[in-house]
Amino acid sequence: MAAHRVTLLALDGVMSFELGMPITIFRSLDDLYAVSVVTPTQAGVTTDSGLGLTGAGTLTDLMKADTVIVPAYAFERGLPPSVADALRDCLQRSKRVVSLCVGAFALAQSGILRQRRATTHWIQAERLAQEHPDVVVDRDVLFVDEETVLTSAGTSAGIDLCLHLVRKDYGATVANQAARNAVAAPHRDGGQAQFIKRHLPVSHGASLAATRAWALERLAEPLVLRELAAHGHLSQRTFIRHFIAETGMSPMRWLALARIDYAKQLLEQTDAPIDEVARRSGLGTAANLRTRFGRRCGLSPSAYRSMYARDHGSAAP
């Protein structure tokens, strides 16, 4: 199987972290991804830290990529017309085009985000909406997946989006391995909030991480809010507030996503029948699994297994 070619387009003032982070994630899976960097011209660019980046490829090399990623850069300096043309050409040639943080401004200035839903760092979201009223700006989410065009919020949300890309390409097992390689959270849903709007003191000086870990070990059980709150030693109302503050979503939504995620792992790593996958993941029946899985993933459990399964017969985690 040919490696998926990921090319990062480093523009002037590119943020060093947001350039290095995708390289780290995708190169940790070097048998699956081939990673390269290009700059608008052979003269290279200067990073946000003042270091020069030279010796990379140029815009013509973008055509060789399967996925083009535009990290955050000094977007206030504008976008060279040659870059806008190259990005539009990539999309027309069915390349996957991705932006991290304020890299969304490059996509917007290229016209790629026209009539599309997109996000960027929450501080710059209003500016993106004002300067590009034809873009449907979602100010709160971690990332937006529009199939061939994907955008993320700032910094750590870029990690989430890169792991999301791995998940789309190779499934949950490989994405979780990439997360472990990067010492990152294995799965944060794109619809989570970018930041917590108000501070809530954590009861007993600890987070609810232990309760989440406890729940993940009991997904096959019919967990209810009362049991989760009791494990966290909080009232149900207080538990919900703290849970949302820590995860950006309600406890039951988090639990539903965790069950789908575990079902994916079972489909990838075992030969368990669909009804057993449903039971072990806490989704009850095969019919319920198919309904929820299809609604969430856009394909049936069997189709997902055919696409991503690798080592059938291995022990389930």
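Residues 1 to 317 (the working numbering) are what the sequence shown spells out, left to right.
Where is the CB? At the ideal position from N, CA and C, for every residue including glycine.
Contact test: residue i Cβ vs the ligand PLP heavy atom, cutoff 7 Å
{"i": "Glu217", "result": "The ligand PLP is absent from the structure shown, which contains no ligand whatsoever."}
Residue i vs residue j beta-carbon contact at 8 Å
{"i": "Ala106", "j": "Ala118", "result": "no"}
{"i": "Thr320", "j": "Ser16", "result": "Because the chain here runs from 1 to 317, residue 320 falls outside it and cannot be looked at."}
{"i": "Leu296", "j": "Ile260", "result": "In the sequence as displayed, the identity of residue 296 is Arg instead of Leu. Yes."}
{"i": "Gly154", "j": "Arg77", "result": "no"}
{"i": "Ser110", "j": "Ala74", "result": "no"}
{"i": "Leu283", "j": "Ala263", "result": "yes"}
Assigned exposure category for residue i - 16 Cβ within 10 Å defines buried
{"i": "Thr7", "result": "buried"}
{"i": "Ser49", "result": "exposed"}
{"i": "Arg212", "result": "buried"}
{"i": "Thr64", "result": "Residue identity differs from the one stated: residue 64 is Lys in this sequence, not Thr. So Lys64 ends up on the exposed side."}
{"i": "Val224", "result": "exposed"}
{"i": "Ser94", "result": "exposed"}
{"i": "Asp275", "result": "exposed"}
{"i": "Ser281", "result": "buried"}
{"i": "Asp138", "result": "buried"}
{"i": "Gly248", "result": "buried"}
{"i": "Gln92", "result": "exposed"}
{"i": "Ala287", "result": "exposed"}
{"i": "Ser51", "result": "What sits at residue 51 in the sequence shown is Leu, not Ser. So Leu51 ends up on the exposed side."}
{"i": "Thr173", "result": "buried"}
Spatial neighbours of residue i in its chain, beta-carbon cut-off 8 Å, leaving aside the 5 residues before and after
{"i": "Pro22", "result": "Val6, Leu8, Val35, Ile69, Pro71, Leu100, Gly158, Cys162"}
{"i": "Ser300", "result": "Arg290, Phe293, Gly294"}
{"i": "Ala2", "result": "none"}
{"i": "Val38", "result": "Thr7, Leu8, Leu9, Ala10, Ala56, Gly57, Thr58, Leu59, Asp61, Leu62"}
{"i": "Val136", "result": "Gln115, Arg116, Arg117, Ala118"}
{"i": "His4", "result": "Leu32, Tyr33, Ala34, Asp66, Thr67, Asp169"}
For residue j and residue i, the rounded distance between their alpha carbons
{"i": "Gly55", "j": "Ala129", "result": "35 Å"}
{"i": "Asp140", "j": "Val149", "result": "18 Å"}
{"i": "Arg226", "j": "Ala278", "result": "23 Å"}
{"i": "Ser235", "j": "Leu255", "result": "18 Å"}
{"i": "Val166", "j": "Tyr33", "result": "9 Å"}
{"i": "Pro222", "j": "Ala178", "result": "31 Å"}
{"i": "Leu87", "j": "Ala182", "result": "28 Å"}
{"i": "Trp214", "j": "Val98", "result": "35 Å"}
{"i": "Arg96", "j": "Glu131", "result": "24 Å"}
{"i": "Tyr232", "j": "Met252", "result": "Position check: residue 232 holds Gly in this sequence, whereas Tyr was assumed. C-alpha separation (whole angstroms): 15 Å."}
{"i": "Leu29", "j": "Ala309", "result": "17 Å"}
{"i": "Phe319", "j": "Ser302", "result": "Look at the range of the chain in this structure, 1 to 317, and you will see that residue 319 is not part of it."}
{"i": "Gly171", "j": "Leu208", "result": "28 Å"}
{"i": "Glu268", "j": "Met307", "result": "9 Å"}
{"i": "Ile112", "j": "Asp134", "result": "10 Å"}
{"i": "Leu142", "j": "Pro273", "result": "34 Å"}
{"i": "Gln124", "j": "Leu219", "result": "39 Å"}
Where the beta strand (DSSP E) containing residue i begins and where it ends
{"i": "Arg96", "result": "96 to 99"}
{"i": "Leu219", "result": "Leu219 -> no beta strand (DSSP E), and no H or E assigned at all."}
{"i": "Ser36", "result": "33 to 38"}
{"i": "Asp145", "result": "143 to 146"}
{"i": "Thr7", "result": "4 to 9"}
{"i": "Ser16", "result": "Segment 16 to 27 is the alpha helix (DSSP H) holding Ser16; no beta strand (DSSP E) there."}
{"i": "Ile69", "result": "67 to 70"}
{"i": "Ser152", "result": "149 to 152"}
Cutoff 7 Å; reference residue i; Cβ partners in own chain excluding five residues on either side
{"i": "Pro80", "result": "Pro40"}
{"i": "His121", "result": "Cys101, Val102, Ala153, Gly154"}
{"i": "Val45", "result": "Ala10, Leu11, Asp12, Val14, Thr39, Leu53"}
Residue interval of the alpha helix (DSSP H) (run including residue i)
{"i": "Leu161", "result": "156 to 170"}
Neighbourhood of residue i by C-beta, 6 Å cutoff - its chain only, sequence neighbours within 5 removed
{"i": "Ala229", "result": "Gln236, Phe239"}
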